[in-house]
Amino acid sequence: MRERNIEVVRTWIDEGWSKGDLAVADDVLTDGFVLHDPVAGREVVGRDAERALISGLRTSIPDLVFTIDDLVADGDNVTIRWIAEGTHGGELLGFAGTGRALAIRGVDMYRLEDGRIAESWTFWDLPGMLRTVSAPAA
């Protein structure tokens, strides 16, 4: 089970987030999936809402790629430390595209049920990202 859970999380990061294959959500997320994002101060509930979140982010950062730096799994819980990199090409959190390279670091904790992701808690460097997208042009 542990290895299967690791594979599910890796698939979600590699296929869903990095490649933008939003159809994979049907395979790896439960019907009642919930993303808890205390940094952004909101929850994303359901596969369609998660797909919309990813689609919007990929519109802002079209070449977005996630790399998993560390992964720890225990039973139905998988935690990853990651870096997301790409180019700020479109509007993001109210800031017009700058063409600047972004490198956002974070940690996600996943809880799986029956081999699918039921919940995710994400903690990421919003202040670092805002410094990059809001800095005056050089």
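Going by this note's numbering, the letters in the sequence shown line up with residues 199 to 336, in that order. Even for Gly, the Cβ is constructed at its ideal location relative to N, Cα and C.
Worksheet item: SER253: which of ALA221, LEU310, SER332 and PHE321 sits nearest, CA to CA?
Response: ALA221
Worksheet item: Helix, strand or coil: which one does DSSP assign to GLY326?
Response: helix
Discussion item. Here's a check: name, in chain order, each residue in its chain whose Cβ is nearer than 7 angstroms to the Cβ of ARG187, leaving out the five neighbours to either side.
Written reply: Only positions 199 to 336 of the chain appear in the structure, and residue 187 is not among them; the question remains open.
Item to complete: Can you tell me which of ASP212, THR228, ALA238 and SER318 puts its alpha carbon nearest to the alpha carbon of PRO325?
Response: ALA238
Item to complete: Quick one: using the 10 Å Cβ neighbour count with 16 as the cut-off for buried, is MET327 buried or exposed?
Response: buried
Practice prompt. On a CA-only basis, which of PHE264, ARG309 and ILE302 is nearest TRP215? Give me that one, please.
Written response: PHE264
Worksheet entry | Backbone secondary structure at ARG298 - three-state DSSP | coil
Worksheet item: Alpha carbon to alpha carbon, what distance is there between VAL207 and ARG314?
Response: 9 angstroms
Worksheet item: Exposed or buried, what is SER332 when buried is set at 16 or more other beta-carbons lying within 10 Å of its beta-carbon?
Response: exposed
Practice prompt. Find out if the Cβ-Cβ distance for the pair GLY304, TRP322 is shorter than 9 angstroms.
Written response: yes
Worksheet item: Could you give the distance in angstroms between the alpha-carbon of THR277 and the alpha-carbon of ASP268?
Response: 8 angstroms
Worksheet item: Using DSSP with H/G/I as helix, E/B as strand and the rest coil, what is ALA250?
Response: helix
Discussion item. Can you tell me which residues form a DSSP beta bridge with ILE211?
Written reply: None; ILE211 has no bridge partner.
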